[in-house]
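**Q** With full-length UniProt numbering, you'll find the sequence shown wraps up at 853, consecutive numbering, no jumps.
The beta carbon of each residue, even a glycine, is placed where N, CA and C say it ideally should be.
Please read all numbers here as calculations on a predicted model, not as lab measurements.
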Amino acid sequence: MKSCAKAILFLLFLSCFAGSYAQQTDIRVNGHGQSLSQTLEQLAHKNQLHFAYDANYFSALKVQEDIEARNLAEFIQTICKKYHLKAEDIDGTVVLYPNPEPLPPPVIEKRTFSAVVIDQTSGEPLRYCNIGLQGTNNYGTTTNELGIFSTTTNGNNEIQIAISHLGYQRLDTIITIGREDRHIIRLRPFTVQMATIQVTQQEKDVVEMGNQTERIAFNPKQSANFPQVDNSDLISSLHLIPGIHFIGGQSSGISIRGSYPSENLIALDGIPLLETSHLFGNLSVLNSKFVSQAFVSRGAFDATYGEKISGIVELTGQTNFYKPSFELSANLLNVSATANIPVTQKLSFSGAFRRSYIDRWENYLYRSILNQASTNDEASVSPVIRFDDLNLKIALKPSDKHQISVNFINSTDFQERDYIFKDQSRLYRYEHADSNNKGFSANWAFQPGEDFQQRLTIGYNELQRSTFKNAGMSENSQGKGAKDELDTDHNFLKEFSASWSGELHSQRFTHQAGFGVNTYDVSYDYLTNKSTGTKLMDSIIFDNQTAVVHAYFQEKLRLTPLLQARIGLRANYLGQNQQLYWQPRAGLTYELNKKMKLVYAGGLYYQFLSRIRKIDIDNNVDLVWYLPAEEGQGILKAWQNLIGFQYNYNGLSMNVEAYWKNTSGRANLYAQQSSGKEKIIDYFLRSGRSINRGIDLMIQYRHGKFTHIIGSTISESNEQFEGYYNSQYYPSFYDQRFKIRWSELCKMNNWLFSANLFFHSGSPYLTNNEQTADQLYERLPHFMQIDLAVQRRFQLKFCTFNLGFSCMNVLDRKNVLEIDYFNISNNTGSYAVRTDITAIQFTPVFFVNVLLK
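1. Report the three-state DSSP secondary structure of K46 (helix, strand or coil).
2. Determine contact between the region 462-474 and the region 484-494, defined as no fewer than three beta-carbon pairs at a distance below 8 Å.
3. Give me whichever residues DSSP pairs with L623 in a beta bridge.
4. List the endpoints of the continuous alpha helix (DSSP H) containing A55.
5. With a Cβ-Cβ cutoff of 8 Å, do L234 and L286 count as a contact?
6. Is I271 closer than 8 Å to residue 860 when the C-beta atoms are compared?
7. Which residues bound the beta strand (DSSP E) around Y649?
8. Looking only at its own chain, which residues have a Cβ that is under 7 Å from the Cβ of D543, when we skip the five neighbours before and after it?
9. Look at S237 and Q222 and say whether their C-beta atoms are less than 8 Å apart.
10. When you compare the CB positions of Q160 and R188, do they come within less than 8 Å of one another, or not?
11. Check whether the Cβ atoms of T344 and E124 sit closer than 8 Å, and answer yes or no.
12. Are the CB atoms of R792 and N756 nearer to each other than 8 Å?
13. Within the region 657-732, note down every full alpha helix (DSSP H) run reaching 4 residues or more, in order along the chain.
14. Quick one: what's C799 bridged to in DSSP?
15. Would you call the region 424-431 in contact with the region 450-461, where contact means no fewer than 3 C-beta pairs closer than 8 Å?
16. Just list the residues that DSSP pairs H278 with in beta bridges.
17. Give me the Cβ distance between L598 and Y590, rounded to the nearest whole Å; I'm assuming they're in contact under 8 Å.
18. For E431, which of R702, V810, I385, H245 has the nearest alpha-carbon?
19. Have a look at the DSSP bridge pairing and note the partners of E495.
20. Which residues share a DSSP beta bridge with Q791?
21. Measuring straight from C-alpha to C-alpha, what distance separates A335 and F758?
22. I'd like to know whether the C-beta atoms of E722 and G688 end up nearer to each other than 8 Å.
23. Please report how far the alpha carbon of C799 lies from the alpha carbon of I341, in whole angstroms.
24. Could you tell me which of T707, F246, P324 sits nearest to F753, measuring between CA atoms?
25. Compute the Euclidean distance between the alpha carbons of D388 and D413, then round it to the nearest angstrom.
26. Identify, in the order they occur along the chain, each residue of the same chain with its Cβ nearer than 8 Å to the Cβ of F58, setting aside the five sequence neighbours on each side.
27. Do the region 305-324 and the region 644-660 meet, that is, are 3 or more Cβ pairs less than 8 Å apart?
28. Could you give the first and the last residue of the continuous alpha helix (DSSP H) run that contains residue 940?
29. Between F75, T112, L103, which has its C-alpha nearest V94's C-alpha?
30. Taking the alpha carbon of S690 as the reference point, which residue from L788, S717, R360, C80 has its own alpha carbon closest?
31. Would you mind working out which of T663, H84, S727, Q646 sits nearest P105, comparing C-alpha positions?
32. Answer yes or no: do A498 and G516 have a C-beta to C-beta separation smaller than 8 Å?
33. Mind checking whether S277 and G253 have CB atoms under 8 Å apart?
34. Can you give me the Cβ contacts of G167 inside the same chain, cut-off strictly under 7 Å, excluding the 5 residues immediately before and after it?
35. DSSP state of K86, grouped into three classes?
36. Check whether the Cβ of M808 lies closer than 8 Å to any Cβ atom in chain C.
And the structure:
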């Protein structure tokens, strides 16, 4: 009761004291490490107050921090709480003494640390950096799309941090947590020559797994270091990742684990690339000079991605807010120019343009490429080839929490082949193809709070592709026997998209959600006229539009210090048939130790827009963009699972993944000839399914000046279509049972040496067999190619000058990529001409590159 009465009296004293000093100036005490007794003495002298206390005890209490109070009563409350004291008023004197009650358990003050990671030379935010943390509640994290990460500390004033990103020097440092809203951390990009005399640091990583087990990073700047026809082509780096294959020939594209090219999302700054190849499949449209960051997922990706069933390749275009730069590169095929123009440190313009000139300069590389088509009738081919691609980007960064970009891409191709047969031949053949892919996107990423990030994206994309073929046989000396075949087709695709996504971090949890809409407009018309004594007509016309709405929610959580999980649900609504498509997905990562991880990912995936095969009466294959019919035929549904193992220690990294994918809803167009005098060819849409399974292995070892990379795949890809091949499973066109790529890279001062060995088993192709009603297949010969390259770099005062030489296919092996037929028939029989499309043969290639800064 006595202690309770004293407390009541003390509260009355404080209230009276507060009233009497309510008009006083705020009390401010500077904490400079002086004792509390000195502080009270100064305060008493300044305000004519009286204090009583144990001088020895209070001299040991140090005032380290500033104390601010609105009045004396608040000041006494503050020091009593801070130093565990009691206070009483005895005849106008404030008596202070140690509180005899035991100290309450200490409350750990959690502090938030937030930082943005940027490129030291350009100011560009670096997303998906690997962040290692000590002394925090987190076990590691990654930066978001704005390059921002945040964590909480247990009252520590310092944080030990390790940051790594492919293409940048690793940063290990201790940061003092200050009062800044957000710290800025700058990573220095690797350069081959840091000084004019000696190399201080060299980059050896080409591919990196990182903390995000389902996303692989690859370095666009390393693309030019490997042997290739075009030193600005990004595909050489993608090839290093097992399971990724760039298919050559007329039906070229990027295939991931046996997929059709259209089943993969290749996005540059949010713009899906619908056409990914130039030059009959020898080059890709991916310009490595413009790309600054690149990430790939080979399947079983999470719920934040959709409308594709196989793989994701994310590319980010260059941005530079600090220094202008200009890069010019030329080889025997094309010239490429890249520019970065910072208007201010918040506004930047960047762009790249690449154009071929082999239509004007018929050099030996041009002649080597034109020899890629050979016929069994000993015909020669006279091609005309033109291609170009343009990338533009405007980036605005009002603050670290806001980034806006407007992006544009345009890619065109013109390809012409005129087959010149031997003098006595009456055959003729001419082919013409052109395509144009243009796209636009606008992205706004912003972070309204420390743990909450949002992104708005709108985009437009269109593709126009046309082909014209004319083949036949001229009349004989009697003016008879003329036969003519004329093929024309036009495929048009238009796509509009708008989406919102958000991400909220909360201790062990990450909450992700998003929604959006895609609208598609696809048309295709195809017409063939064949005159051979009897008349064959062959045509297809369709025009389709639809809208696909998506929404998703996903949770990522750390179950234990070693076990992470994610579970998500994505849903699509298809306007054409007004149905919902639910897609559950999950993933697990278990860290065996700091060196090794086990990974699982799986789920259900739907795709609505795809590119299907059209197989004509001669068993020739073409790819056609297609939207499902109202009954849903052509909607792809894929169940997939993967399990993997990762190892990373002391320069040796290894990744092994086993995968399985079962896809239904496939559709192909098959030609069927009617009987009778006037023969009509009709196309029927047949449904099918496929099974893909395999094991991918990648080993990368870095030591000294050397980097060794081996990627290998053992896989099987089978298809089954109703009414075709007796409705049995057969190897798909992308079935390559075994693949291996061995790459070597050596950097010695200003010299760089590299080599590639690429081998894979032959792909199936359809034969031109009229002896059976079933279309049979055979396999192409195996593919094997060895390439060598050497580069010399010169570091001048204002520029870097590179000279490079690549020797492609040093074994001069004829590697057949594709086989095409055309038939000339009459009442007495038919004559088939087979054309083999081959990869480039033994060819030396030169390039020069100048970077001005």
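**A** The structure says:
1. Within the sequence shown, the letter at position 46 stands for residue 46. In the structure shown, K46 sits in a helix (DSSP, three-state: H, G or I).
2. yes
3. Here residue 623 is taken as the residue at index 623 of the sequence shown, counted from 1. For L623, which the question treats as bridged, DSSP gives the partners R613.
4. Looking up residue 55 in the sequence shown gives position 55. First-last of the alpha helix (DSSP H) with A55: 55-59.
5. To locate residue 234, count along the sequence shown from 1; it is residue 234. To locate residue 286, count along the sequence shown from 1; it is residue 286. Their beta carbons are under 8 Å apart, which means L234 touches L286 by this criterion.
6. In the structure as shown, the chain begins at 1 and stops at 853. Residue 860 is therefore absent and cannot be evaluated.
7. In the sequence shown, residue 649 corresponds to position 649, counting from 1. From DSSP, the beta strand (DSSP E) with Y649 extends over 636-649.
8. Here residue 543 is taken as the residue at index 543 of the sequence shown, counted from 1. Result list for D543: S523, in chain order.
9. The count along the sequence shown starts at 1 and reaches residue 237 at position 237. The count along the sequence shown starts at 1 and reaches residue 222 at position 222. Cβ distance < 8 Å, so S237 and Q222 count as in contact.
10. As a first step, residue 160 must be located in the sequence shown, where it is residue number 160. As a first step, residue 188 must be located in the sequence shown, where it is residue number 188. Going by C-beta atoms, Q160 is not nearer than 8 Å to R188.
11. Within the sequence shown, numbered from 1, the residue matching residue 344 stands at position 344. Within the sequence shown, numbered from 1, the residue matching residue 124 stands at position 124. Cβ atoms of T344 and E124: not closer than 8 Å.
12. In the sequence shown, residue 792 corresponds to position 792, counting from 1. In the sequence shown, residue 756 corresponds to position 756, counting from 1. Not a contact, by the Cβ cut-off of 8 Å.
13. none
14. Taking the sequence shown and counting its residues from 1, one reaches residue 799 at position 799. Beta-bridge pairing links C799 to L852.
15. no
16. Translated into positions along the sequence shown, residue 278 becomes position 278. Beta-bridge pairing links H278 to L283.
17. As a first step, residue 598 must be located in the sequence shown, where it is residue number 598. As a first step, residue 590 must be located in the sequence shown, where it is residue number 590. So it is a contact: roughly 5 Å between Cβ atoms.
18. On the sequence shown, position 431 is the one that residue 431 refers to. For E431, the nearest C-alpha among the options comes from I385.
19. The sequence position of residue 495 within the sequence shown is 495, counting from 1. Looking at the DSSP assignment, E495 forms a beta bridge with N461, Y520.
20. Working through the sequence shown from its first residue, we reach residue 791 at position 791. DSSP output for Q791 lists L752, G804 as bridge partner(s).
21. Here residue 335 refers to the residue found at position 335 of the sequence shown. Here residue 758 refers to the residue found at position 758 of the sequence shown. Going by the sequence as given, residue 335 is Val instead of Ala. If I take the Cα positions, the gap works out to 27 Å.
22. Mapped onto the sequence shown, residue 722 falls at position 722. Mapped onto the sequence shown, residue 688 falls at position 688. It is a contact, given that the beta carbons lie within the stated cut-off.
23. As a first step, residue 799 is located in the sequence shown; it is residue number 799 there, counting from the start. As a first step, residue 341 is located in the sequence shown; it is residue number 341 there, counting from the start. Near 16 Å, if we compare the C-alpha coordinates of I341 and C799.
24. Counted from its first residue, the sequence shown places residue 753 at position 753. The candidate whose alpha carbon is nearest that of F753 is T707.
25. Within the sequence shown, numbered from 1, the residue matching residue 388 stands at position 388. Within the sequence shown, numbered from 1, the residue matching residue 413 stands at position 413. One C-alpha to the other measures close to 7 Å.
26. What you label residue 58 is simply residue 58 of the sequence shown in a count that begins at 1. Once the five neighbours on either side are set aside, the close Cβ partners of F58 are S35, L36, S37, L40, L96.
27. no
28. Beyond the ends of the chain as shown, which are 1 and 853, falls residue 940; an answer cannot be given.
29. The residue you call residue 94 lines up with position 94 of the sequence shown. It is F75 whose Cα lies nearest to the Cα of V94.
30. As a working mapping, residue 690 is identified with position 690 in the sequence shown. Checking every option, the nearest Cα to that of S690 belongs to S717.
31. Position 105 of the sequence shown, counted from the start, is the residue given in the question as residue 105. Nearest C-alpha to P105: H84.
32. Along the sequence shown, read from residue 1 onward, the residue named residue 498 stands at position 498. Along the sequence shown, read from residue 1 onward, the residue named residue 516 stands at position 516. Yes, they are a contact pair.
33. Your numbering for residue 277 matches position 277 in the sequence shown. Your numbering for residue 253 matches position 253 in the sequence shown. Contact flag set, yes.
34. On the sequence shown, residue 167 is found 167 positions in, with the first residue counted as 1. Cβ within range, chain order: P189, F190, E203, N219, K221.
35. Residue numbering aside, residue 86 sits at position 86 when the sequence shown is read from its first letter. Residue state, collapsed to three classes: strand.
36. Absent here is chain C; the protein component of the structure consists of one chain.
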